[in-house]
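Asker: Residues in the sequence shown are numbered from 1 upward in steps of one, following the working numbering. No residue lacks a Cβ here, since even glycine has one placed at the ideal position from N, Cα and C.
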Amino acid sequence: MLHTVGFTNSDSYKCLENLKKGAVDLCLTYCGWEKCDPGYRFGPNKRISHVLHIVESGSGVFEMDGYQYHLTGGEAFLIPPSVEAWYEADMDDPWTYRWVGFEGMIAEEVIHVSGFSRENPVRRIHCMENAAKYIDAMVRTNKLVFENELKRNGLLLLLFSDLITDNRDACLREGKLLPSHRYPNSVYVEHAVDYIAANFDKRLKINELADRIGVNRSYLTSSFKKSLGCSPQEYLMNLRIEKAKTLLKNGDIQVSEVAARVGYGDPLAFSKVFKARTGRSPREYKEEKRRLVVNGKKGDYTESEA
């Protein structure tokens, strides 16, 4: 079985997509650069991840929630997941832009302190040179090795660090209130995530976890869904599966031992959950290979998994 990561490299379009999702806090799902043809339009459609576009030059139109925004070089626009939007290059002065798709526990927080929201998805940025440098480096880091996964996510953190600083400077110049640096519910989620990470191989009850960090179960569940898009129980299950994947790929150990190491006393129950989550058995996953498909023009790559 193969997990296909796509890399398209042409004079007018570069894109690295279908990346492995690993980091819990913030992880890159895809990135790219495009010099658009006049009138080129994308959408309307809905994205799975948050997507931030940064316009380098030219101009175009972006529409979301019934509002149209006319953008030029030096501006950026954010599209949240599951929100329908479209954008179109100007006929006379088509834009060139870069983009990053991302998700994770602190995604909402970094978006907020970077100066973006669903209500205000567009703003001018003053760190274009560094933003371009970071995204171009992400695209170049396309080989399927572990250190590149770390590097891409590190570059994503650097990108948002600069955007946050840029937004803070803009607020000070314009006399605006600085955005708060933390959503209250994310504090509880972080404590819960840390506890789950340290105890995922043990029997965990969500009620006991909520009591431990001082909130009720319903509040913890709603906080998880806001920050991570899933319940604490789903998060625990996903973490166990991710840990199991690592053990299956990196170690010569039996499936029964993997099951025990990730909190399953019954190997058959583990195998059933693993297959339901991944579409293949632990043994099939262990034998799976990954590949990188490199193409010379836009449209050649199609996400696939065989």
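So, methionine 105 versus aspartate 25, is the Cβ gap smaller than 7 Å?
Answerer: Closer than 7 Å, so yes.
Asker: Could you pull the start and end residues of the beta strand (DSSP E) that arginine 124 belongs to?
Answerer: Note, arginine 124: beta strand (DSSP E), 122-124.
Asker: In this structure, how does DSSP classify lysine 143 when only helix, strand and coil are distinguished?
Answerer: Reduced to three states, the DSSP call for lysine 143 is coil.
Asker: For the putative contact between leucine 220 and alanine 192, defined by C-beta atoms under 8 Å, what is the C-beta separation to the nearest angstrom?
Answerer: With 8 Å as the limit, leucine 220 and alanine 192 qualify as a contact, their Cβ atoms being about 6 Å apart.
Asker: Using a beta-carbon distance below 7 Å, is arginine 118 in contact with chain D?
Answerer: Absent from the structure: chain D. Only one protein chain is present.
Asker: Which partner residues does isoleucine 48 have in the DSSP bridge list?
Answerer: Answer by DSSP bridge pairing: none, since isoleucine 48 is not bridged.
Asker: Please report the Cβ distance between valine 122 and phenylalanine 62, rounded to the nearest whole angstrom; I am assuming they are in contact, meaning their Cβ atoms lie under 8 Å.
Answerer: About 7 Å; that satisfies the 8 Å criterion.
Asker: Consult DSSP for isoleucine 79 and reduce its assignment to one of helix, strand or coil.
Answerer: Reduced to three states, the DSSP call for isoleucine 79 is strand.
Asker: Could you tell me the distance, in whole angstroms, from the CA atom of glutamate 129 to the CA atom of aspartate 93?
Answerer: Taking the straight line joining both Cα atoms gives about 21 Å.
Asker: Can alanine 84 and lysine 46 be called in contact, C-beta distance under 7 Å?
Answerer: Here residue 84 turns out to be glutamate, not alanine, going by the sequence shown. Against a cut-off of 7 Å, the Cβ pair of lysine 46 and glutamate 84 comes out as a contact.
Asker: Might you give, ordered along the chain, the residues of its own chain that have their beta carbon closer than 6 Å to the beta carbon of serine 82, omitting 5 neighbours on each side?
Answerer: Taken in chain order, the residues that qualify are Lys46.
Asker: How many angstroms separate the CA atom of aspartate 136 from the CA atom of serine 117?
Answerer: Using only the alpha carbons, I get a separation of about 25 Å.
Asker: If we count the other Cβ atoms within 10 Å of its Cβ and call it buried at 16 or more, is proline 232 buried or exposed?
Answerer: By the neighbour-count rule (16 or more Cβ atoms within 10 Å), proline 232 is buried.
Asker: Would you kindly work out how many angstroms separate the C-alpha atoms of phenylalanine 28 and leucine 158, rounded to a whole number?
Answerer: Reading off the sequence shown, one finds leucine at residue 28, where the question assumed phenylalanine. Cα to Cα, the separation comes out at about 12 Å.
Asker: Identify the residues that DSSP records as bridge partners of histidine 70: which are they?
Answerer: Paired residues: Val61.
Asker: Which residues in the same chain as leucine 209 place their Cβ atom closer than 8 Å to its Cβ, once the five residues preceding and following it in sequence are excluded?
Answerer: Around leucine 209: Ala192, Tyr195, Ile196, Leu220 and Pro232.
Asker: I'd like the list of long-range same chain contacts for proline 38, defined as Cβ closer than 8 Å, with 5 residues on each side in sequence excluded.
Answerer: The residues are Ala89, Asp90, Met91, Asp92 and Pro94.
Asker: According to the Cβ coordinates, are cysteine 338 and leucine 163 closer than 7 Å?
Answerer: Absent from the model: residue 338. The displayed extent of the chain is 1 to 306, so no value can be given.
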